[in-house]
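J.:
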Amino acid sequence: MVKQNPPQSPAPYPGVLTPVDGSEAVVWVETHITQGGCAYPITPSTPMGEGYQRAVANGKRNLWGEELFFCELESEHSSASACEGFALAGGRVTNFTSGQGLILMKEVLYTIAGKRLPAVFHIGARALTSQALNIHAGHDDVCGVADCGWGMLFGRNAQETADLALIARRAAEESQTPFLNIQDGFLTTHTVESVFLPEPEMMKEFVGPSSGRIPDLFDPSNPLMSGSVQNQDAYMKGKVAQRFYYDHLTKCVRDAMAEFERLTGRGYGLVEPYRLEDAEVAIVGMGTMLETAKATVDWLRSARGVPVGCLHVTAFRPFPGPEIVHALKHLKAFAVVERMDNPPAQSNPLTAEIKAAFADALTGAEGYEAVGTVPAIFSGVAGLGSRDVRPGDFVATVERMTGDTGGRRFFVLGVGHPEALPRAEDPDVRSKGAFSMRGHSVGGYGSVTTNKVIATLLADVFGLHVQAYPKYGSEKKGLPTTFFLTAAEEHIGLHCELEHVEFVAVLDTNAIGVRDTLHGLAEGGTLFVPSQHTEPGAVWDSLPEHMQRTLRERSIRLIALDATRIAKEEAPTPDLQVRMQGIALLGVFLYASPFRERKGLSQEALLEAVERALRKYFGRRGEATVQANLRAVERGFKEALEVPCGGGETARQAARV
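In numbering that gives the first Met the number 0, the protein residues as written are 0 to 656.
(1) Excluding the five sequence neighbours on either side, which residues of its own chain have a C-beta within less than 6 Å of the C-beta of PHE636, listed in chain order?
(2) If we ignore side chains and look at the alpha-carbon of each, how far apart do ARG169 and VAL206 end up?
(3) When the Cα of ARG551 is compared with those of LYS567, LEU526 and GLU568, which residue comes out closest?
(4) Name the two residues that bound the continuous beta strand (DSSP E) containing ASN57.
(5) Could you give the first and the last residue of the continuous beta strand (DSSP E) run that contains LEU484?
(6) Based on the DSSP output, what are the partners of CYS70 in its beta bridges?
(7) Got a sec, what are the start and stop residues for the beta strand (DSSP E) GLN229 sits in?
(8) Taking only the alpha-carbon atoms, compute the straight-line gap between VAL656 and GLU544 and give it to the nearest angstrom.
(9) Quick one, are the C-beta atoms of GLY492 and LYS293 less than 9 Å apart?
(10) Please list, in chain order, all residues of the same chain as PRO11 whose beta carbon is under 7 Å from its beta carbon, the five residues on each side excluded.
(11) Report the three-state DSSP secondary structure of VAL656 (helix, strand or coil).
(12) Taking 9 Å as the cut-off, decide whether the C-beta atoms of ALA314 and LEU152 are in contact.
(13) In its own chain, which residues sit with a C-beta less than 8 Å from the C-beta of ALA423, not counting the 5 before and 5 after it?
(14) May I have the straight-line CA-CA distance separating ALA81 from PHE617, to the nearest angstrom?
(15) Starting from CYS309, trace the beta strand (DSSP E) both ways and give me its first and last residue.
(16) Look at the Cβ atom of VAL642, then the Cβ atom of ILE511, and state whether they are nearer than 9 Å.
(17) What is the rounded straight-line gap between the Cα of ASN450 and the Cα of SER210?
(18) On the DSSP bridge list, what partners appear for HIS121?
(19) Count the other CB atoms, across all protein chains shown, that sit within 10 Å of the CB of PHE409; report buried if there are 16 or more and exposed otherwise.
(20) So, for LEU640: in the same chain, excluding its five sequence neighbours on each side, which residues have a beta-carbon less than 6 Å away from its beta-carbon?
(21) Between VAL144 and ILE102, what straight-line distance do the alpha-carbon atoms span, to the nearest angstrom?
(22) State the start and end residues of the unbroken alpha helix (DSSP H) segment that holds LEU575.
(23) Quick check: ALA356 and ILE323, are their CB atoms within less than 9 Å of each other?
(24) Exposed or buried, what is VAL447 when buried is set at 16 or more other beta-carbons lying within 10 Å of its beta-carbon?
(25) Please state whether DSSP places GLU276 in a helix, a strand or coil.
(26) Does chain D have any CB closer than 9 Å to the CB of GLN345?
(27) So, do the region 376-383 and the region 293-311 have three or more beta carbon pairs nearer to each other than 8 Å?
(28) I'd like to know if the region 25-44 and the region 222-236 are in contact, where contact means that at least 3 CB-CB pairs between them fall below 8 Å.
(29) Can you tell me whether DSSP reads GLN130 as helix, strand or coil?
(30) Alpha carbons only, please: which of GLY148, ILE582 and THR33 is nearest the one belonging to GLU610?
(31) Closer than 8 Å by C-beta to GLN531: which residues in its own chain qualify, once you throw out the five before and the five after it? Chain order, please.
(32) As an exercise, report each continuous alpha helix (DSSP H) stretch of at least 4 residues that is fully enclosed by the region 503-534, in chain order.
(33) With 16 other CB atoms within 10 Å as the buried threshold, where does PHE243 fall?
(34) For the candidate residues PRO306, PRO342 and ASP359, whose alpha-carbon lies nearest to that of PHE333?
(35) Less than 8 Å between the CB atoms is what I'm expecting for VAL290 and ARG155, so what's the real figure, rounded?
(36) Determine the burial state of ALA650: buried for a count of at least 16 other Cβ atoms within 10 Å of its Cβ, exposed for fewer.
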């Protein structure tokens, strides 16, 4: 990793710029500062546990030279109990879980908080099984444990996930309160982004050693009974007495955030207001969808002149009621959009608590600014089970707040429903100069890993900010999947499935005849298709007529390659023949995209960079696998076949020339 300072950053520890996903960001932090981890695998938090366990197996020690410990128990409940015991003995411990796993822990979460044990658990927030099983993003699980007495911090991206892991740890130990560090399952845990990872020196200074910071309640010289039975005369005394710790919790979080900003230059607050000063309406929420909301706010202001802002609630616990009221009190209306739905409740969780905060402000409660009126509060449901939340959804949300509502305050985004807001317009809100790719493939072809390799290469070699993620399914190998990639000169705020792209890669031949395959492909963009044909005319004739027409009308550049043949010829073992079909795409991408030409890299220098990226993902499989993948990439670059889009005869003439 090469240390790069963010522009104009005076902070002593700006971070190490590296492409990682949210899971890797957590592992980076926790394997440096903790002493042990206990977990049970559950999607999508499993990569965090695997990464920590791998570090232990490799003999990694923390920043104070202590050997790391990891234990996989027989359930999430047991793993939480093991963490409780580890913390009781004065150890700095972590856990990684999601969905039903977090709910299964709930009994133990109460006792960890009640015993004032400052553990930090990392959550890949996931929808809970209700009418059906879903393994994707939802806030059902974390809202289901919001009453356990833990601090709860929400990150919108991998950068915030890494930073909040440290902030949560310091606040937990200062307040003797356990914390959940929450990121959206798959949408953050599995999305590769450009992240300024905290330097080891920074983490050592910010967190400090565990000794002296975490009480050892298992000290034989000072015996203490924990978890005793308390009857009517005692239990309530102990429970209410714990308010002492929570009275100081908000200050501890603020202090940790302030010190973190001093060291890194990256500032955090209990809430993050964006363009709210002169706003009349706003979007409020938690997690990745607020990245898309932020980008949409910029578009609505520039394209339509709508005075709109947004507010991300970083700390769900301690709940920042006064800060929320202060940020929103001057608005005409705001919409709270949540990734969970609880119909029998008065409102969904975040909406209900914000309403309660405004009620306190209206009645002059201590700590609140007095308000004379309350903005109109709308409540929306979106993104359940990782359902895509698009800029068009937030445009529709703002239109609902600024139009004739007819008294309707509840709405749904992204699905057909009587309360749904349709997308009248779905704008391109990407940053200027962004280059995006959408891929259509099959599970098991290796294209998802290839997408991550491309992102790593674009970040490390070309110095670009990247975002790469797949549309994962719970299905087995062999079924269709989609993957997305964006590269830009600045942070990529849009976080949704990509419709506006410059490159479409088709590895699944079944997608060639689908009309939506070319949807959103820019004028003059590039289409890659797999083909066994070696002549351009034959490739052109193999395409359906509607696709040929679209390619001509939009002046699309068409490139073909027999990736199946390359994989068969280069795979070192039969089991890699299928997976290596996707790796040749990297060669085609480097051939067709503008980045190599902009950088002025020779083919030799480019392949050296490719080899470094391949080692990151395949190095542990052995040198033969690395070299086989490298040859597949090189052949994809050299054997990419340009197909003129003027018709089959034109293509054949070009081939003869």
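All C-beta atoms, glycine included, are put in the ideal place defined by N, C-alpha and C.
The model shown is predicted, which means the values in this text are computed figures rather than measured ones.
T.: Judging by the given coordinates:
(1) GLY586, LEU589 and TYR590
(2) 6 Å
(3) LEU526
(4) Looking at the DSSP string, ASN57 is not in any beta strand (DSSP E), and its letter there is neither H nor E.
(5) 479-487
(6) CYS37
(7) Note, GLN229: premise wrong, no beta strand (DSSP E); not H, not E.
(8) Since pLDDT at VAL656 reaches only 36, below the 50 mark, its modelled position is unreliable, and no value is offered.
(9) yes
(10) LEU262
(11) Since pLDDT at VAL656 reaches only 36, below the 50 mark, its modelled position is unreliable, and the value read off the structure follows with that caveat. Three-state result, VAL656: coil.
(12) yes
(13) GLY391, VAL394, ALA395 and GLU398
(14) 33 Å
(15) 307-312
(16) no
(17) 43 Å
(18) PHE95 and ASN180
(19) exposed
(20) ALA559
(21) 7 Å
(22) Segment: none, LEU575 is in no alpha helix (DSSP H) and carries neither H nor E.
(23) yes
(24) buried
(25) coil
(26) No chain D appears in this structure, which consists of one protein chain only.
(27) no
(28) no
(29) coil
(30) ILE582
(31) ASP561, THR563 and ARG564
(32) none
(33) exposed
(34) PRO306
(35) Going by the sequence as given, residue 290 is Glu instead of Val. Contact flag correct, Cβ pair sits at about 5 Å.
(36) In this prediction, ALA650 scores a pLDDT of 45, lower than 50, which makes its location untrustworthy; no coordinate-derived value is stated.
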